[in-house]
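Participant: Just so we're aligned, residue 27 is where the sequence shown starts under this note's numbering, counting upward by one. Before anything else, here's the structure in question.
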Amino acid sequence: MEVSEAIRNRRSVRKFKDKRVPREDLVELVDYARLAPSGMNKQPLEFVIVDEPELERELFAYTSWAGALDWNPGMEERPRAYILILINPEVKPVTEKRDAGLAAENICLGAVDKELGSCLQIPSEKEEIRKLLGVSNDRVISLAIGLGYPDQETRLEEGSDNIDYWFDDEGVFHVPKRPVEDILHVNKWQAGEVN
Ligand SMILES: Cc1cc2nc3c(=O)[nH]c(=O)nc-3n(C[C@H](O)[C@H](O)[C@H](O)COP(=O)(O)O)c2cc1C
């Protein structure tokens with residue numbers, strides 16, 4: 027798959043099929059993540075794959091979904107695996123949050139190539155997750171990425187004035203993006219250029 031195709035087709039997925047994700051695919055996604063850029067090449071990130079059914083089910087309880095909507099996926103729609111991104115402060119990282127974001131995008135783009143859907147999560151109940159997965163107090167829980175086979179259609183909306191995403195009556199999830207002409211400046215930033 028072309029990188030441009032993966033970028034265009036990646037959308038956050040919030041309804042998943044009841045189908046396990048092969049462990050080797052999850053490991054390969056972590057391999058993509060480890061190759062992401064890292065400030066001063068400190069590489070402060072570690073990753074936890076969670077695909078054991080009891081654990082992923084429990085982890086689902088500590089995730090929150092589509093904050094802009096009054097809606098959450100049901101238990102049967104949950105991701106069937108997660109990759110957690112941890113930060114190791116012992117390596118004295120300089121750009122750890124950016125590193126985590128870049129690693130996460132490698133995972134999400136790699137997932138498209140494997141016909142997997144993904145959705146980022148900043149877990150709010152980190153201490154519960156720490157306990158559930160036995161994560162050392164010496165590691166910071168940065169991001170979780172829910173993964174699974176999509177059970178929803180997601181459509182990119184271009185040219186919409188509104189940036190709120192929405193489900194339509196057929197269950198299609200629409201994601202508006204700001205148009206390039208509203209956000210691009212060339213060489214010099216010009217006031218008034220952005221609407
Ligand atoms: C740092 C970060 C945290 C996010 N956390 C959540 C989350 O907790 N729950 C969720 O459903 N989506 C979450 N998202 C996904 C965004 O809602 C999504 O990226 C946005 O609506 C644009 O849709 P797209 O990913 O399909 O382009 C998060 C995205 C980012 C970048």
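The beta-carbon is built from N, C-alpha and C at its ideal position, and this holds for glycine as well. All values derive from a computational prediction rather than experimental measurement.
Give the C-beta separation of LEU71 and ILE113 to the nearest angstrom, bearing in mind that I take them to be a contact with Cβ-Cβ under 8 Å.
Facilitator: 6 Å
Participant: Could you tell me the distance, in whole angstroms, from the CA atom of GLY65 to the CA atom of SER38?
Facilitator: 26 Å
Participant: Do the stretch 187-199 and the stretch 51-66 make contact, defined as three or more Cβ pairs closer than 8 Å?
Facilitator: no
Participant: Select from GLU141, ASP187, ALA217, ALA126 the residue whose C-alpha is nearest the C-alpha of ARG46.
Facilitator: GLU141
Participant: Reducing DSSP to helix, strand and coil, say where LYS203 ends up.
Facilitator: strand
Participant: Let me check you understand the geometry: is the CB of GLN147 closer than 7 Å to at least one non-hydrogen atom of ligand 1?
Facilitator: yes
Participant: My assumption, with CB atoms under 8 Å, is that CYS134 sits in contact with GLY172. Please give the rounded CB distance.
Facilitator: No, CYS134 and GLY172 are not in contact; Cβ-Cβ is about 10 Å, not under 8 Å.
Participant: Is there at least one non-hydrogen atom of ligand 1 closer than 7 Å to the beta-carbon of SER168?
Facilitator: no
Participant: Return yes when the Cβ of GLN147 is within less than 8 Å of the Cβ of ALA129, no when it is not.
Facilitator: no
Participant: Alpha carbon to alpha carbon, how far is ALA59 from ASP190? Give it in angstroms, no decimals.
Facilitator: 29 Å
Participant: Going by DSSP, name the residue or residues bridged to GLY174.
Facilitator: GLY143
Participant: Determine the extent of the alpha helix (DSSP H) in which ALA32 is found, giving its start and end residues.
Facilitator: 29-35
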